[in-house]
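For the sequence shown, the residue numbers in my numbering are 925 to 1084. Each residue gets a CB set at the ideal place from its N, CA and C atoms; glycine is no exception. Encoded as C-alpha cells, the structure appears first; notes follow it.
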Amino acid sequence: MTENHQSAGQKLLQIWQKLEQKPMGRWLFKKIITNNIPYTGSIKADVQMLEPGRCEVLMKFRKSNTNHLNSVHALALSNLGEFTSGLAIMTGLPPTIRGIVTNISTEYLKKARGHLLAKADVEIPNVTAPKTEHYIQAHIYDQDDDLVTTVTVKWLLSPM
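Dropping the structure here:
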C-alpha cells in the first residue's frame, strides 16, 4: 500500500487550486490562511496567483496597516514580503524538506501607499545537506507599478 505524502505547502497549493476559480473561493482561501497563520492574516492580503516557486499577493489599502505618516507600516510590508516568499518556496518543496525563516531584511525604497502587489519568483533548490541557506526576494509594487519595497528572506532548509 502506497501512502500519499504531501508537504504543508503542497497541501496548501492543492487547496488553492480547488478554490481559486470558485465563487467565494479566494475569500475562503484567505480565511484558511487567517485561521492557520493569524499574524499573517492580520494584514488581510489576498493571494492572486500561486504555483510552485511563484506567488503574487495583493494587500489592499487599509487604515489598520498604516503608520502615523499615512503610508503602509514597515512591518506590514515585511509581513507581506515574508508571506509571499513563503508561499512561493513552500509550495515547491518536496515533502522530504522542511524550512524555517531565520532572517528577514527589508529595504524601503519609496513610501508605500494604496493597494500593493508583492511578487516572488523562486528557484526551488535541490536540498541534500542539512541547514541549507536559501535567499528569496519578494518585490512589492504600488498601484503605479513602482517598486516600493524589497524583502529578502533567508530560509534554512533541511531534509527531514
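Alpha-carbon to alpha-carbon, residue j and residue i
| i | j | result |
| --- | --- | --- |
| Arg-1037 | Asn-994 | 8 Å |
| Asp-970 | Glu-980 | 9 Å |
| Pro-871 | Leu-999 | For residue 871 there is no data in the structure shown, the boundaries of the chain being 925 and 1084. |
| Ala-932 | Ile-1064 | 25 Å |
| Ile-939 | Met-973 | 13 Å |
| Thr-1026 | Asn-989 | 24 Å |
| Thr-958 | Ser-966 | 7 Å |
| Glu-944 | Glu-1031 | 31 Å |
| Asn-991 | Phe-985 | 12 Å |
| Met-948 | Lys-954 | 10 Å |
| Asp-1068 | Leu-1041 | 11 Å |
| Asp-1070 | Arg-978 | 20 Å |
| Thr-926 | Leu-1017 | Per-residue confidence for Thr-926 stands at a pLDDT of 42, beneath the threshold of 50, marking its modelled position as unreliable; no derived number is given. |
Cross-strand partners of residue i (DSSP beta bridge)
| i | result |
| --- | --- |
| Ile-909 | Missing from the structure shown is residue 909; the chain here goes from 925 to 1084 and no further. |
| Gln-1061 | Thr-1076 |
| Met-983 | Leu-1040 |
| Leu-1086 | Look at the range of the chain in this structure, 925 to 1084, and you will see that residue 1086 is not part of it. |
| Val-996 | Thr-990 |
| Thr-1030 | Val-1075 |
Environment of residue i [buried if 16+ CB atoms lie within 10 Å]
| i | result |
| --- | --- |
| Thr-1008 | buried |
| Leu-1033 | exposed |
| Ser-1029 | exposed |
| Lys-1043 | buried |
| Leu-1011 | buried |
| Pro-962 | exposed |
| Thr-1073 | buried |
Beta carbon proximity, residue i to chain D, threshold 8 Å
| i | result |
| --- | --- |
| Gln-941 | The displayed structure is made up of one protein chain only, and chain D is not part of it. |
Next item on the list: Check whether the region 1064-1084 touches the region 1011-1026, counting contact only when three or more Cβ pairs, one atom from each stretch, lie closer than 8 Å.
Entry: Cβ pair count under 8 Å is three or more, so yes.
Next item on the list: Run through the region 925-980 for me and flag every whole alpha helix (DSSP H) of 4 or more residues, listed as ranges in chain order.
Entry: Fully enclosed alpha helix (DSSP H) runs of 4 or longer: 932-943, 949-960, 962-965.
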